[in-house]
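Data block below; observations after.
Residue numbers (the working numbering): 1012 to 1120.
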């Protein structure tokens, strides 16, 4: 396991944060036009609020790298000839990377 500090930017969440007022106004207009019910509008606004809050969170990204085994063979065949063979096994099922902020925003949405 490795822990790193990552500078994550989620452009969509940043844009929503910057334009939250306009987005709320647009949702209100959709309710007034009958294209959204008040319950749907509330659910959308609640989800947007959670995504904005999660986008402000800072933390550490956790990376789990898999174990691997390398076998390298080398043998002389003749005076001027060498044979090489390499075999590599990697346990990829243990590989995991989850960017911290992305994980928090995806949980909120």
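We treat Cβ as the ideally placed atom computed from N, Cα and C, and that holds for glycine.
Determine the DSSP secondary structure at residue 1113, reduced to helix, strand or coil. helix
Just to check my reading of the structure: residue 1058 and residue 1120 have Cβ atoms closer than 8 Å, yes? What is that Cβ distance to the nearest angstrom? 6 Å
Rounded to the nearest angstrom, how far is the Cβ of residue 965 from that of residue 1052, given a contact under 8 Å? Within the shown structure, residues of the chain are numbered from 1012 to 1120, placing residue 965 beyond reach of any answer.
Assigned secondary structure, residue 1021 (DSSP; H/G/I helix, E/B strand, else coil): coil
Tell whether a beta-carbon distance below 9 Å holds between residue 1068 and residue 1100. no
Identify every run of the beta strand (DSSP E) within the region 1019-1100, keeping only runs that are complete inside it and at least 3 residues long; order them along the chain. 1071-1075 and 1079-1089
I'd like to check one pair, residue 1098 with residue 1085: are the Cβ atoms closer than 9 Å? no
Suppose contacts are defined by Cβ-Cβ distances below 9 Å. Is residue 1106 in contact with residue 1072 by that definition? no
One or two residues paired with residue 1107 in a DSSP bridge: 1075
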